[in-house]
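Enquirer:
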Amino acid sequence: MKIKLLPIYLTIAVMALLQSCSKDDDNDSGKQTALTLKLVNPTDLTSVAFSELSVSFKELNTGKVTPSSAFVNNNLSINLNEGSYEISVDGKIKYDADGTIVEASVSGYKESVVVTGGTAVVSLNLFLKTTQSDFVIEEIFFTGTKTAEGKQYQGDKYFKIHNNTDHILYADGLMIAQSEFMTVDKQDYTPNIMAQSFAASAIAIVPGTGKTYPIAPGEFFIIADDAINHKEYNPGSIDLRTATFEFYTEDADDVDNPAVPNMENLFSSMIIHNRGFKSFVIARLPVSKNTYLADYTYDYEYNLVFGGESYPMGESVYSIPNAWIVDAVNLSVQSEFKWIVTAPSLDKGWTYCGKVDADQTRYGKSVRRKVLSTTSNGKKILKDTNNSTLDFSAEAKPSLMN
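Residue 1466 in the working numbering sits at position 253 of the sequence shown, and the numbers go up by one each step.
Shown next, in the form of structure tokens:
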């Protein structure tokens, strides 16, 4: 008996039809679950309001994506086929930050969520997505420590610079500058350029060729005064041998750790004020160093009044345009504060280590930026409202001190 074969094109058509019917049957016969998705607000936020929230449910076996945006008071109800899902949420958020309404983006993500049974409830933690484009100053340890004999120990100061974005940043070329003016002494400086620029008494630059020093999102780097193990000289101090960079001045009584790259001194030497009289900024230099040194000098004058007499004073330093500055922190002393020495658009507050001038309790303390939120992979997003009074914890324990 001979078997009659179907033409090849007819065989393919029949097989395709059968497969199509099989898929349809699977979808139609799949059991469904009434799922309630509950969104958990980012921690420590008040007066939270969401907008433009959208969610996608991706079934991991079939790849099918089910979108929805029907949230009511942080909750969403939806019927889904039983399966294993990847859930992601994106949207906008408004919240109260110490009296200021802040707008930001928000996200949430959860993988391998098994959806089964007649009903199910899934909680999803939301986290803030930063819209910043550069680094922030996370911590300044400017007070130094004291020895067992009660003497000042100064070489263990440091800056901690944090990548507060969601992408890799390169530290190469980042400038750090100390203010020329003091927050505890207000004078009528002429010309007054504060609305346009920051007057700097010292400027240092991170070395590198542009992409030498990548810093991942949520990570930081340390700039040490002296990158040595200070515990060898003062047991109550800090081991800074693992610092990323260090300040170093040639032809001076300074310590150089050859294993740690030196910051480049663009103007003067960075001698960090240990009572908090001065402020700091970090900035990007969009012109060549030679152009900057030639075109951005700042000559100012003022009258110093002392003992009923007025003395004309003046100085020549450098200025950094506010548009170049990516973060600023004003420091002061609680009982001595007179004014901030940056434009309010950069920082409209100040923080401190020391309640009175020459406060002996300030040693071994730092100012540390508060954590606003933590991402799903454990990375910190730091608080940055351009108000150091609100953004920083004053008189904190240095993060690098055991």
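All C-beta atoms in this analysis are idealised placements derived from N, C-alpha and C, irrespective of residue type, glycine included.
#1: Rounded to whole angstroms, what is the Cα-Cα separation between P1525 and N1405?
#2: Could you give the DSSP three-state label for A1541: helix, strand or coil?
#3: Does DSSP put Y1576 in a helix, in a strand, or in coil?
#4: Measuring CB atoms only, is the region 1255-1262 touching the region 1308-1315, in the sense that at least three cross pairs come out at less than 8 Å?
#5: Quick check on DSSP: helix, strand or coil for K1502?
#6: With 16 other CB atoms within 10 Å as the buried threshold, where does H1380 fall?
#7: Should the region 1574-1593 be called in touch with the region 1427-1435, which here means at least 3 C-beta pairs below 8 Å?
#8: Over the uninterrupted alpha helix (DSSP H) stretch that includes L1603, give me the two end residues.
#9: Please report how far the alpha carbon of L1289 lies from the alpha carbon of V1328, in whole angstroms.
#10: Which parts of the region 1427-1504 are runs of the beta strand (DSSP E), unbroken and 3 residues or longer, counting only runs that do not cross its ends?
#11: Is it right to say A1437 is buried, meaning 16 or more other beta carbons lie within 10 angstroms of its own, or is it exposed?
#12: Give the secondary structure of D1570 by DSSP, where H, G and I count as helix, E and B as strand, and everything else as coil.
#13: Residues bridged to L1250 by DSSP?
#14: Just list the beta strand (DSSP E) runs in the region 1334-1420, keeping only unbroken ones of 3 residues or longer that don't cross its boundaries, in chain order.
#15: Which value, in whole angstroms, describes the spacing of the CA atoms of G1527 and L1559?
#16: Can you tell me whether DSSP reads N1535 as helix, strand or coil?
#17: On the DSSP bridge assignment, give the partners of K1271 in chain order.
#18: Is DSSP giving D1309 helix, strand or coil here?
#19: Going by alpha carbons, who is nearest to N1338 out of E1522, N1287, T1360?
#20: Would you report the Cα separation of T1246 and R1581, rounded to the nearest angstrom?
#21: Could you check if I1451 is buried or exposed, using at least 16 other CB atoms within 10 Å of its CB as the buried criterion?
#22: Tell me which same chain residues have a C-beta within less than 8 Å of the C-beta of S1267, skipping the five on either side of it?
#23: Can you give the Cα-Cα distance for G1567 and L1252, rounded to whole angstroms?
#24: What does the alpha-carbon distance come out to for the pair F1460 and H1375?
#25: Can you say whether D1239 is buried or exposed, counting buried as having 16 or more other CB atoms within 10 angstroms of its CB?
#26: On the three-state DSSP scale, how would you describe D1560?
#27: Run the CB neighbour count on P1427, radius 10 Å, all protein chains shown included, and call it buried at 16 or more, exposed below.
#28: Measuring CB to CB, does D1439 end up less than 8 Å from L1453?
#29: Identify which residue in T1425, P1448, R1488, K1444 has its Cα closest to the Cα of F1458.
Expert: The short version:
#1: 16 Å
#2: strand
#3: coil
#4: yes
#5: helix
#6: exposed
#7: yes
#8: 1601-1604
#9: 15 Å
#10: 1433-1437, 1477-1480, 1493-1497
#11: buried
#12: coil
#13: L1289, V1335
#14: 1348-1354, 1371-1376, 1387-1392, 1410-1418
#15: 25 Å
#16: helix
#17: V1278, E1299
#18: strand
#19: N1287
#20: 47 Å
#21: buried
#22: P1280, S1281, S1282, V1302, D1303, G1304
#23: 42 Å
#24: 18 Å
#25: Because D1239 sits at a pLDDT of 42, beneath the cut-off of 50, its placement in the model cannot be relied upon, and the following sentence gives the value as read from the coordinates. Exposed is the call here.
#26: coil
#27: exposed
#28: yes
#29: T1425
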